[in-house]
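Peer 1: There's a structure below that I have some questions on.
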Amino acid sequence: MDRKRIYLSSPTMHGEEQKYVQEAFDTNWVAPLGPNVNAFEKELAAYTGCGHAAALSSGTAAIHLALKLLGVKRGDKVFVPDLTFSASCNPIVYENGEPVFIDAEPDTWNMSPEALRRAFEKYPHPKAVICVHLYGTPAKLAEIMAICEEHHVPLVEDAAESLGSTYKGRHTGTFGKYGIYSFNGNKIITTSGGGMFVSAEEAAARKVTFYATQARDPARHYQHSEIGYNYRMSNVVAGIGRGQLLHLEEHKAKKKEIYRQYQEAFADMPEIMMNPLNPEGDANCWLSGMVIAEGCSVTPDKIMDALEAENIESRPIWKPMHLQPVFADCDFVSHYADGTSVGEDVFARGLCLPSDVKNTQEDMELIIRTIRGCFEG
């Protein structure tokens, strides 16, 4: 096909990234430490107001080390959203814990406070709660935090998709005891691959850095009193992140504009509903999603096939974790008392739309025209 590829969400470089990367090469700081790593941590901490940060190889590594700090061990229950990517859940298993999947709620598609309360009734003493801000939309943090505080259980914020989003004027990722961000290739800013652990506690960030550098004790020789990991971000990768961070607000504005265009374009179509936003927050709109009205003959697959025929990338909504074969033995707590799953319904009727900051007006018109065409005739 001669037509250019329109991507779901691909990296967008600006030029400043190369300056920091070149500095790493010029000074021979290409190891998993160096000035770019230190500066990226400080700059990200200053932007979010998180306090302290530790740059790591991935957001998944950040979740893993957050759970390790909390002492998750074999048999411990950890409550985690059902409607998310598996990276939110896999680290629980790394530490031999047991995920308990909490259904989404219809207002934001994030963790349901109602289901969370029901989970605490069934399992009064989980080790932690992981909250995800799906597709960049802040969860109902006030309710979730109140439930966690009532039960004296720490909250870990998986803000992998929501860097730049705020809730009541404060950055997501800074509400929980620990927070994490991702800089994977498709995120709102990227380091090609990388993540960040954040906390108001300096000691926690230092401990994560210790674990991430193979838990080497402060001795002249190589001595290890704890099991460590090779999770530190490299100085080269951190240079990319520093250049990207300069454009985060620009990317956020573009993502929000893409969401607005979709919302306006489908406003006259009762068959289409855009992913809901939290009115108490300011979403970065990392990915725009839509759901098709119940009973409509058009399916997500039909729309995705039509888009693909135009060389346009789209993607299904995350498949709920309790439907994943690898988690078949894990418990699931639904939003509704009758067991009806919000996440299953969103997955069955929804898809993610192209949300690349490089989308031109012509790109947007083609995407919208193609989707509308699926409902005509």
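Be aware that the sequence shown starts at 5, since it is given in this note's numbering, and climbs by one per residue. Glycine included, every Cβ here is placed at the ideal spot set by N, Cα and C. The structure displayed is predicted, hence computed values, not measured ones.
Examine chain D for any beta-carbon lying closer than 8 Å to the beta-carbon of S61, and answer yes or no.
Peer 2: Considering every chain present, this structure includes no chain D. It has just one protein chain.
Peer 1: Cα-Cα, which of M200, F44 and E118 is closest to S345?
Peer 2: E118
Peer 1: Please return the same chain residues whose Cβ sits closer than 7 Å to the Cβ of Y139, not counting the five positions on each side in sequence.
Peer 2: E165, N279, W290, L291 and G293
Peer 1: Of all the beta strand (DSSP E) runs that stay within the bounds of the region 225–280, which reach a length of 3 or more residues?
Peer 2: The DSSP assignment places complete beta strand (DSSP E) segments of no fewer than 3 residues inside the region 225–280 at 276–278, in order along the chain.
Peer 1: Near A209, which residues of its chain fall below 7 Å by C-beta distance, leaving aside the five closest residues on each side in sequence?
Peer 2: H56, A57, A58, F201 and S203
Peer 1: Counting only runs that start and end within the region 54–131, where is the beta strand (DSSP E) found for 3 or more residues in a row?
Peer 2: 56–60, 81–85 and 102–106
Peer 1: Give the DSSP bridge partners of Y185, in chain order.
Peer 2: The partner list for Y185 (beta bridge, DSSP) reads M200.
Peer 1: Nearest-angstrom Cα distance between I96 and F379?
Peer 2: 42 Å
Peer 1: How about S238 and V25: are their beta carbons less than 8 Å apart?
Peer 2: no
Peer 1: From this set, G199, A123 and R121, which residue's C-alpha is nearest A163's C-alpha?
Peer 2: G199
Peer 1: Could you give the C-beta distance for A143 and T112, rounded to a whole number, given that I count them as a contact under 8 Å?
Peer 2: Contact flag correct, Cβ pair sits at about 6 Å.
Peer 1: Does the count of Cβ pairs from the region 214–222 and the region 260–277 closer than 8 Å reach three?
Peer 2: Judged by Cβ distances under 8 Å, the region 214–222 makes no contact with the region 260–277, as fewer than three pairs qualify.
Peer 1: Could you spell out where the alpha helix (DSSP H) holding F351 opens and where it closes?
Peer 2: First-last of the alpha helix (DSSP H) with F351: V346 to R353.
Peer 1: I'd like to confirm the pairing. Which residues does DSSP put opposite F336 in its beta bridges?
Peer 2: Looking at the DSSP output, F336 bridges to F105.
Peer 1: Let me check understanding here. Comparing Cα to Cα, which of G101, S92, K72 and I106 lies closest to G79?
Peer 2: G101
Peer 1: Taking the alpha carbon of I276 as the reference point, which residue from D286, A269, I296 and K323 has its own alpha carbon closest?
Peer 2: Per the Cα distances, I296.
Peer 1: Which same chain residues end up closer than 8 Å to L60 when comparing Cβ atoms and leaving out the 5 residues on each side of it in sequence?
Peer 2: Correct list, in chain order: A66, L69, G198, G199, M200, F201, V212, A216, Y235, R236 and M237.
Peer 1: For R7, count neighbouring Cβ atoms within 10 angstroms of its own Cβ and tell me buried if that reaches 16, exposed if not.
Peer 2: exposed
Peer 1: Could you check which residue in I151, L370, L250 and H156 has the C-alpha nearest to that of G192?
Peer 2: Note on residue identity: the sequence assigns Ile, not Gly, to residue 192. The shortest C-alpha separation from I192 is found at L250.
Peer 1: I think D286 touches V104, with their Cβ atoms under 8 Å apart; what is that distance to the nearest whole Å?
Peer 2: So it is not a contact: roughly 30 Å between Cβ atoms.
Peer 1: Quick one: grab the DSSP three-state call for V160.
Peer 2: strand
Peer 1: Relative to the C-alpha of A43, which candidate in G247, K306, D305 and K256 has its C-alpha closest?
Peer 2: G247
Peer 1: Just to confirm the assignment, what range does the beta strand (DSSP E) spanning I296 have?
Peer 2: Note, I296: beta strand (DSSP E), S292 to I296.
Peer 1: Indicate the three-state DSSP secondary structure (helix, strand or coil) for V25 in the structure shown.
Peer 2: helix
Peer 1: Near G180, what residues of its chain come up, given a Cβ to Cβ distance below 6 Å and the 5 sequence neighbours on each side ignored?
Peer 2: Cβ within range, chain order: L159, V160 and E161.
Peer 1: Alpha carbon to alpha carbon, how far is T141 from F214?
Peer 2: 32 Å
Peer 1: Would you tell me roughly how many angstroms separate the C-alpha atoms of G87 and I321, rounded to the nearest one?
Peer 2: Here the sequence assigns Leu to residue 87, which means Gly is not the residue at that position. Approximately 9 Å between the Cα atoms of the pair.
Peer 1: Hey, out of Q218, G245 and V240, whose CA is closest to G232's CA?
Peer 2: It is Q218.
Peer 1: Look at the Cβ atom of V157, then the Cβ atom of V133, and state whether they are nearer than 8 Å.
Peer 2: yes
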